[in-house]
Amino acid sequence: MFKGTIKLAVSVVVVVAVIGLVQVLQSGAPADPLKEWSYPKAKRGLEGTSQPPLVWAKFTTTDAFEKVWEFYWQKVTEGAPVKLPPSIKRPSINSGTLYSGAPPEQKTCAYFRDDNPTARVGVFVIREKQRTISITIVRRAKEKETMIVVALDLR
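Going by the numbering used here, the residue at position 14 of the sequence shown is 448; the numbering climbs one at a time, nothing skipped.
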(Lines of atoms letter the chains of each structure in order from A; the text may use other names.)
(Lines give C-alpha, C1' and ligand atoms only; values in the text may rest on other atoms or scores of the structure.)
Protein backbone atom coordinates (compact mmCIF):
# COMPACT_ATOMS: atom_id res chain seq x y z
CA MET A 435 0.00 0.00 0.00
CA PHE A 436 2.76 2.45 0.90
CA LYS A 437 4.65 1.60 -2.28
CA GLY A 438 1.69 2.71 -4.39
CA THR A 439 1.29 5.94 -2.39
CA ILE A 440 5.00 6.73 -2.66
CA LYS A 441 4.97 6.10 -6.42
CA LEU A 442 1.94 8.38 -6.78
CA ALA A 443 3.58 11.13 -4.67
CA VAL A 444 6.81 10.92 -6.69
CA SER A 445 4.83 11.05 -9.95
CA VAL A 446 2.94 14.16 -8.77
CA VAL A 447 6.19 15.89 -7.75
CA VAL A 448 7.80 15.08 -11.12
CA VAL A 449 4.77 16.38 -13.06
CA VAL A 450 4.69 19.62 -11.02
CA ALA A 451 8.45 20.10 -11.55
CA VAL A 452 8.14 19.55 -15.30
CA ILE A 453 5.23 22.02 -15.55
CA GLY A 454 7.24 24.61 -13.59
CA LEU A 455 10.27 24.10 -15.83
CA VAL A 456 8.17 24.48 -18.98
CA GLN A 457 6.68 27.73 -17.66
CA VAL A 458 10.14 29.13 -16.86
CA LEU A 459 11.46 28.20 -20.31
CA GLN A 460 8.43 29.71 -22.06
CA SER A 461 8.68 32.98 -20.17
CA GLY A 462 12.28 33.44 -21.37
CA ALA A 463 14.91 35.60 -19.76
CA PRO A 464 13.77 38.72 -17.93
CA ALA A 465 13.77 41.89 -20.03
CA ASP A 466 16.83 44.12 -19.72
CA PRO A 467 15.65 47.27 -17.90
CA LEU A 468 18.59 49.25 -19.34
CA LYS A 469 18.01 48.28 -22.98
CA GLU A 470 16.13 51.51 -23.78
CA TRP A 471 19.10 53.61 -22.57
CA SER A 472 21.99 51.47 -23.84
CA TYR A 473 24.28 53.04 -26.43
CA PRO A 474 24.18 51.13 -29.76
CA LYS A 475 26.98 48.57 -30.19
CA ALA A 476 28.62 49.59 -26.89
CA LYS A 477 30.40 46.88 -24.96
CA ARG A 478 28.67 46.15 -21.65
CA GLY A 479 31.13 45.79 -18.80
CA LEU A 480 30.94 46.27 -15.06
CA GLU A 481 27.42 45.96 -13.67
CA GLY A 482 25.84 46.74 -10.34
CA THR A 483 22.59 45.27 -9.26
CA SER A 484 20.62 43.70 -12.08
CA GLN A 485 17.25 43.74 -10.33
CA PRO A 486 15.03 46.76 -9.72
CA PRO A 487 14.57 49.12 -7.96
CA LEU A 488 18.18 50.18 -8.75
CA VAL A 489 19.94 48.83 -11.85
CA TRP A 490 23.17 50.14 -13.40
CA ALA A 491 25.85 49.15 -15.88
CA LYS A 492 29.01 50.55 -17.44
CA PHE A 493 29.32 50.57 -21.23
CA THR A 494 32.31 51.45 -23.42
CA THR A 495 32.53 52.44 -27.06
CA THR A 496 35.24 53.65 -29.41
CA ASP A 497 32.85 56.35 -30.66
CA ALA A 498 33.89 59.92 -29.91
CA PHE A 499 32.44 61.75 -26.91
CA GLU A 500 30.53 64.12 -29.22
CA LYS A 501 28.76 61.26 -31.00
CA VAL A 502 27.73 59.64 -27.72
CA TRP A 503 26.56 63.00 -26.31
CA GLU A 504 24.48 63.68 -29.43
CA PHE A 505 22.86 60.23 -29.24
CA TYR A 506 21.65 60.85 -25.69
CA TRP A 507 20.84 64.53 -26.38
CA GLN A 508 18.51 63.42 -29.21
CA LYS A 509 16.92 60.76 -26.99
CA VAL A 510 16.34 63.20 -24.14
CA THR A 511 15.05 66.10 -26.24
CA GLU A 512 12.82 63.92 -28.43
CA GLY A 513 9.35 65.37 -28.18
CA ALA A 514 10.55 68.47 -26.31
CA PRO A 515 8.73 71.65 -27.40
CA VAL A 516 11.92 73.65 -28.06
CA LYS A 517 15.31 72.59 -29.41
CA LEU A 518 18.50 74.55 -29.74
CA PRO A 519 19.20 75.67 -33.32
CA PRO A 520 22.25 73.87 -34.75
CA SER A 521 23.95 77.22 -35.45
CA ILE A 522 24.35 77.93 -31.71
CA LYS A 523 27.79 76.87 -30.50
CA ARG A 524 27.79 75.23 -27.13
CA PRO A 525 30.12 76.74 -24.52
CA SER A 526 32.80 74.51 -22.98
CA ILE A 527 30.66 74.20 -19.86
CA ASN A 528 26.92 74.22 -20.08
CA SER A 529 23.98 73.03 -18.07
CA GLY A 530 20.26 73.37 -18.01
CA THR A 531 16.89 71.79 -17.40
CA LEU A 532 14.34 70.69 -19.98
CA TYR A 533 10.67 69.98 -19.33
CA SER A 534 8.20 68.15 -21.55
CA GLY A 535 4.62 67.11 -21.01
CA ALA A 536 2.25 68.13 -18.27
CA PRO A 537 2.06 66.82 -14.69
CA PRO A 538 1.75 64.07 -13.58
CA GLU A 539 3.31 62.61 -16.77
CA GLN A 540 5.84 65.42 -17.05
CA LYS A 541 9.42 64.50 -17.92
CA THR A 542 12.23 66.62 -16.49
CA CYS A 543 15.84 66.42 -17.63
CA ALA A 544 18.80 68.13 -16.02
CA TYR A 545 22.04 68.05 -17.97
CA PHE A 546 25.62 69.15 -17.50
CA ARG A 547 28.53 69.10 -19.91
CA ASP A 548 32.17 70.08 -19.50
CA ASP A 549 34.51 70.00 -22.52
CA ASN A 550 37.67 70.16 -20.41
CA PRO A 551 40.66 69.13 -22.56
CA THR A 552 41.85 66.53 -20.02
CA ALA A 553 38.48 64.79 -19.73
CA ARG A 554 35.18 65.56 -21.40
CA VAL A 555 32.23 64.84 -19.13
CA GLY A 556 28.50 64.84 -19.73
CA VAL A 557 25.66 63.97 -17.37
CA PHE A 558 21.94 63.58 -17.97
CA VAL A 559 19.44 63.00 -15.18
CA ILE A 560 15.95 62.28 -16.47
CA ARG A 561 13.03 62.20 -14.04
CA GLU A 562 9.84 60.56 -15.23
CA LYS A 563 6.85 59.23 -13.37
CA GLN A 564 8.14 56.53 -11.01
CA ARG A 565 11.67 56.36 -12.43
CA THR A 566 14.90 58.30 -12.70
CA ILE A 567 17.54 57.61 -15.36
CA SER A 568 21.09 58.86 -14.84
CA ILE A 569 23.61 58.78 -17.70
CA THR A 570 27.25 59.76 -17.22
CA ILE A 571 29.55 60.02 -20.25
CA VAL A 572 33.34 60.39 -19.85
CA ARG A 573 36.17 60.48 -22.38
CA ARG A 574 39.65 61.12 -20.99
CA ALA A 575 42.11 62.85 -23.31
CA LYS A 576 44.50 59.97 -23.95
CA GLU A 577 42.03 57.09 -23.83
CA LYS A 578 40.63 55.32 -26.87
CA GLU A 579 37.17 54.63 -25.46
CA THR A 580 34.25 56.64 -24.19
CA MET A 581 32.78 55.34 -20.95
CA ILE A 582 29.02 55.47 -20.32
CA VAL A 583 27.40 54.62 -16.99
CA VAL A 584 23.63 54.19 -17.07
CA ALA A 585 21.65 53.89 -13.83
CA LEU A 586 17.92 53.31 -13.53
CA ASP A 587 16.13 53.95 -10.24
CA LEU A 588 12.53 52.73 -10.16
CA ARG A 589 11.65 54.23 -6.78
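Where is the CB? At the ideal position from N, CA and C, for every residue including glycine.
The model shown is predicted, which means the values in this text are computed figures rather than measured ones.
Can you name the start and end residues of the beta strand (DSSP E) that residue i belongs to?
| i | result |
| --- | --- |
| THR566 | 565-574 |
| GLY556 | 553-562 |
Would residue i and residue j qualify as a contact pair, given that the criterion is a beta-carbon distance under 8 Å?
| i | j | result |
| --- | --- | --- |
| LEU588 | PRO486 | yes |
| THR580 | THR495 | yes |
| VAL584 | LEU468 | yes |
Rounded to a whole number of angstroms, what is the C-alpha to C-alpha distance between residue i and residue j?
| i | j | result |
| --- | --- | --- |
| GLU500 | ALA536 | 31 Å |
| ASN528 | ASP549 | 9 Å |
| TYR545 | GLU504 | 13 Å |
What distance in whole Å lies between the Cβ atoms of residue j and residue i, which are believed to be in contact at a cut-off of 8 Å?
| i | j | result |
| --- | --- | --- |
| VAL489 | LEU586 | 5 Å |
| ARG561 | THR542 | 5 Å |
| PRO551 | ALA575 | 6 Å |
Here's the rule I'm using: 16 or more other beta-carbon atoms within 10 Å means buried, otherwise exposed. How should residue i be labelled?
| i | result |
| --- | --- |
| ALA498 | exposed |
| LEU459 | Because LEU459 carries a pLDDT of 46, less than 50, the predicted location of this residue cannot be relied on, and no value is offered for it. |
| GLY479 | exposed |
Could you give the residue range of the alpha helix (DSSP H) that holds residue i?
| i | result |
| --- | --- |
| GLU539 | Careful: GLU539 lies outside any alpha helix (DSSP H) and carries neither H nor E. |
| GLU500 | 499-511 |
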